[in-house]
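Asks: This structure is in structure tokens; I'll ask about it shortly.
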Amino acid sequence: MQSNQPFTIYNASAGSGKTFTLVKAYLKILFSSNKPYLFKNILAITFTNKAVAEMKGRIIDTLKQFSDKDILKLDNPMFLSICDELNLRPEQLHKKAITLLESIIHNYAAFDISTIDGFTHKLIRTFAHDLKLPLNFEVELDQESLLREAVDSLISKAGTDAVLTKVLVDFAIEKADDDKSYDVAFDFNKIAKLLVNENDIPFFEKIKDKTLDDFKALKSKLKKDINNEEAIIAEKAKQLLTQFETSGLEFKDFSGAYLPKHFEKLSNNNFNVAFGSKWQDNIENGTLYPKRVTPETAGTIDSLQPQIFLVFNETKQAIFNHKFLNAFYKNITPLSVLNAINTELTLLKEDQNKMLISEFNSIISKEIKNQPTPFIYERIGEKFNHYFIDEFQDTSESQWNNLIPLLENSVASENGSTMLVGDAKQAIYAGAEVKQSNL
Numbered sequence: 004m005q006s007n008q009p010f011t012i013y014n015a016s017a018g019s020g021k022t023f024t025l026v027k028a029y030l031k032i033l034f035s036s037n038k039p040y041l042f043k044n045i046l047a048i049t050f051t052n053k054a055v056a057e058m059k060g061r062i063i064d065t066l067k068q069f070s071d072k073d074i075l076k077l078d079n080p081m082f083l084s085i086c087d088e089l090n091l092r093p094e095q096l097h098k099k100a101i102t103l104l105e106s107i108i109h110n111y112a113a114f115d116i117s118t119i120d121g122f123t124h125k126l127i128r129t130f131a132h133d134l135k136l137p138l139n140f141e142v143e144l145d146q147e148s149l150l151r152e153a154v155d156s157l158i159s160k161a162g163t164d165a166v167l168t169k170v171l172v173d174f175a176i177e178k179a180d181d182d183k184s185y186d187v188a189f190d191f192n193k194i195a196k197l198l199v200n201e202n203d204i205p206f207f208e209k210i211k212d213k214t215l216d217d218f219k220a221l222k223s224k225l226k227k228d229i230n231n232e233e234a235i236i237a238e239k240a241k242q243l244l245t246q247f248e249t250s251g252l253e254f255k256d257f258s259g260a261y262l263p264k265h266f267e268k269l270s271n272n273n274f275n276v277a278f279g280s281k282w283q284d285n286i287e288n289g290t291l292y293p294k295r296v297t298p299e300t301a302g303t304i305d306s307l308q309p310q311i312f313l314v315f316n317e318t319k320q321a322i323f324n325h326k327f328l329n330a331f332y333k334n335i336t337p338l339s340v341l342n343a344i345n346t347e348l349t350l351l352k353e354d355q356n357k358m359l360i361s362e363f364n365s366i367i368s369k370e371i372k373n374q375p376t377p378f379i380y381e382r383i384g385e386k387f388n389h390y391f392i393d394e395f396q397d398t399s400e401s402q403w404n405n406l407i408p409l410l411e412n413s414v415a416s417e418n419g420s421t422m423l424v425g426d427a428k429q430a431i432y433a434g435a436e437v438k439q440s441n442l
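Here the sequence shown is numbered in my numbering, starting from 4 and rising by one per residue.
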């Protein structure tokens, strides 16, 4: 545990007593003050409704234990620890617990322990007018249901739209060529989940205005570029092999015949060649022939070595580019399908006046990132001084960005604090830009 108040990071793995530590830290803030309603200035965030209920329950149950007069006779580890750390007599802590429990029970709505999505929902409701959102928009928690509806809507248009039909048929054929399922509905629903993946949303925002014709044109251009690259590679290889033949060289004149065989494959439009082999290390300055060759043959190969080196590097770079173009080309059809599904999804959301929970973080991040912290507080309508972020490793980049201005303010203020609790090894966004491994 790294602790440097008012900012604390608790690296909590399974079975490490995380909940005990979290509840104790929360209660210490309450017990260190004489304000019975200080809990209204504390925001605790976790990631599931189950975790919210568990944390609220543990805090209430602990206060109930502390409020029972029998606590003064028991060796309760948390009770005694808080007494010691806050320099309070057991009787004082007992009386404070009674007052705090009553305050929370009578003002339970202000007992702010929430999921990250719940907090973001609160923010976006606050900024609905600024974002030009209808005040009565509905939050769609069952994202997969709406995605399935969008997929069904897209498939239903097959046969009525020639361009779309061609794309759907191409998708099915490409799947079959890869020895994969013909069930396009299953595949569409699978890839559609990318549309609600928070890390992918910004990318789809950039291409949402592209049409199927745009993707068709891009695919045609890529195919042309691929064919052109293949022709260049094959031609360069053929020219070099012709030079070998003109110079009276045979395959056996090269060590292991690896070099001429490499270019022979390229000349036959076989671009499945490996790089990094030992013989390739000799191309620039090494010896390319075995000891048994005649001095004349050795001299011929030596004179051609600069040309061999040049052609090898040119074709190597061209092959890498060819692989990139091919990978890009193979993803155009799935990408065009995804974009078409996204279009259907947008229409459904507009028609049903719905917003997906996954959209909240990116939308609110765009709105508040350049706003001063006091303005955000003012719009929220509450002033939180203390923050507890449980399962911190599961925060995505935009979720973290939305929290930063609030956490910075609490850490900078005289009476504020922030506690982050998590386990980097359990991060669901382990590949995201936010580095949970810093915990």
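Each residue gets a CB set at the ideal place from its N, CA and C atoms; glycine is no exception.
1) How would you label Leu144, buried or exposed, when you count the other beta carbons within 10 angstroms and need 16 or more for buried?
2) For Tyr261, which residues in the same chain have their Cβ closer than 6 Å to its Cβ, ignoring the five residues on either side in sequence?
3) In three-state DSSP terms, what is Leu46?
4) Skipping 5 residues on each side, what residues in its chain have a beta carbon closer than 6 Å to that of Leu46?
5) Anyone know if the C-beta pair for Phe207 and Leu215 falls short of 8 Å?
6) What are the boundary residues of the alpha helix (DSSP H) that Gly340 is part of?
7) Leu423 lies in the beta strand (DSSP E); which residues open and close that run?
8) Within the same chain, show all residues whose beta-carbon is closer than 6 Å to that of Leu104, passing over the 5 residues directly before and after it, in chain order.
9) Entirely within the region 186 to 218 and at least 4 residues each: give me those alpha helix (DSSP H) ranges in chain order.
10) CB-CB under 8 Å to Gly162, same chain, minus the five flanking residues each way: which ones, in chain order?
11) Contact between the region 326 to 333 and the region 261 to 270 is defined here as three or more beta-carbon pairs at a separation below 8 Å; is this criterion met?
12) Quick check on Ser117: does DSSP put it in helix, strand or coil?
13) Taking the alpha-carbon positions, what's the His109 to Cys86 distance?
14) Taking 8 Å as the cut-off, decide whether the C-beta atoms of Val170 and Val340 are in contact.
15) Who are Ile392's beta bridge partners in DSSP?
16) Verify whether the separation of the beta carbon atoms of Val55 and Ser117 is less than 8 Å.
17) Within 10 angstroms of its Cβ, does Gly425 collect 16 or more other Cβ (buried), or is it exposed?
18) Excluding the five sequence neighbours on either side, which residues of its own chain have a C-beta within less than 6 Å of the C-beta of Phe191, listed in chain order?
19) Do you know offhand how far Leu410's Cα is from Ile392's?
20) Tell me, please, which residues DSSP counts as bridged to Gly359.
21) May I have the straight-line CA-CA distance separating Pro137 from Ile194, to the nearest angstrom?
22) Measure how close the beta-carbons of Asn2 and Ile367 come, nearest whole angstrom, since I'm counting them as under 8 Å.
23) What does the alpha-carbon distance come out to for the pair Leu149 and Leu350?
24) Could you check how far apart the C-beta atoms of Ala321 and Ile235 are, in whole angstroms? I think they sit under 8 Å.
25) Since Phe257 and Ile286 are thought to touch, with beta carbons under 8 Å apart, how far apart are those beta carbons, to the nearest angstrom?
26) Skipping 5 residues on each side, what residues in its chain have a beta carbon closer than 7 Å to that of Ala435?
27) Using a threshold of 8 Å, state whether the C-beta atoms of Ser250 and Thr297 are closer than that.
28) Which same chain residues end up closer than 7 Å to Lys241 when comparing Cβ atoms and leaving out the 5 residues on each side of it in sequence?
29) Grab me the residues of Ile74's own chain with a C-beta within less than 7 Å of its C-beta, minus the 5 sequence neighbours each way, in chain order.
30) Could you pull out every residue in the same chain whose Cβ sits closer than 6 Å to the Cβ of Lys160, ignoring the five residues on either side in sequence?
31) Flag this pair as yes or no: are the beta carbons of Thr102 and Pro39 separated by less than 8 Å?
32) Beta carbon of Asn364, beta carbon of Gln402: below 8 Å?
33) Is Leu149 helix, strand or coil by DSSP?
34) Please return the same chain residues whose Cβ sits closer than 7 Å to the Cβ of Asp173, not counting the five positions on each side in sequence.
35) Taking Lys255 as the reference, which of Pro293, Lys222, Thr49 and Phe50 has the closest Cα?
36) Skipping 5 residues on each side, what residues in its chain have a beta carbon closer than 8 Å to that of Pro205?
Replies: According to the structure data:
1) With fewer than 16 other Cβ atoms within 10 Å, it is exposed.
2) Result list for Tyr261: Trp282, in chain order.
3) Three-state result, Leu46: strand.
4) So the list reads Asp115, Phe387 and Tyr390, once near-sequence residues are dropped.
5) Not closer than 8 Å, so no.
6) The displayed chain sequence assigns Val, not Gly, to residue 340. Per DSSP, the continuous alpha helix (DSSP H) segment holding Val340 begins and ends at Pro298 to Gln355.
7) Per DSSP, Leu423 belongs to the beta strand (DSSP E) from Ser420 to Gly425.
8) Leu66 and Ser70, listed in sequence order.
9) If we require 4 residues or more, the alpha helix (DSSP H) runs fully inside the region 186 to 218 come out as 187 to 195 and 204 to 210.
10) Cβ neighbours of Gly162 beyond the five flanking positions: Thr168.
11) Because the criterion of three Cβ pairs below 8 Å is not met, the region 326 to 333 and the region 261 to 270 do not touch.
12) Three-state result, Ser117: strand.
13) In this structure, the alpha-carbon of His109 lies about 25 Å from that of Cys86.
14) Yes, the pair counts as a contact, with Cβ atoms nearer than the cut-off.
15) According to DSSP, which records beta bridges pairwise, Ile392 is partnered with Ile48 and Leu423.
16) With respect to Ser117, Val55 sits close: the two C-beta atoms are nearer than 8 Å.
17) That one is buried.
18) Around Phe191: Val154.
19) Leu410 and Ile392 have their C-alpha atoms roughly 10 Å apart.
20) According to the sequence displayed, residue 359 carries Leu and not Gly. Paired residue(s): Glu143.
21) Distance between the alpha carbons of Pro137 and Ile194: 29 Å.
22) Residue 2 falls outside the range modelled here, since the chain spans only 4 to 442, and no answer is possible.
23) Approximately 11 Å, taken between the alpha carbons.
24) At roughly 6 Å, the Cβ-Cβ gap stays under 8 Å, so Ala321 and Ile235 are in contact.
25) About 11 Å separates the beta carbons of Phe257 and Ile286, which is beyond the 8 Å limit, so they are not a contact pair.
26) Low confidence applies here, because Ala435 scores a pLDDT of 44, under 50, leaving its location unreliable and the question unanswered by this model.
27) Taking 8 Å as the Cβ cut-off, Ser250 and Thr297 do not qualify as a contacting pair.
28) Cβ within range, chain order: Ser270.
29) Non-local beta-carbon contacts of Ile74 in its own chain, meaning distances under 7 Å to residues more than five positions away in sequence, involve Gln68, Phe82 and His97 in chain order.
30) Only Leu167 meet the Cβ criterion.
31) Cβ distance < 8 Å, so Thr102 and Pro39 count as in contact.
32) Yes, Cβ-Cβ distance for Asn364 and Gln402 is below 8 Å.
33) If DSSP states are grouped into helix, strand and coil, Leu149 belongs with the helices.
34) Once the five neighbours on either side are set aside, the close Cβ partners of Asp173 are Thr336.
35) When each option's Cα is compared against that of Lys255, the closest is Pro293.
36) The beta carbon of Pro205 sits closer than 8 Å to the beta carbons of Ser365 from its chain, once the five residues preceding and following it are set aside; these are given in chain order.
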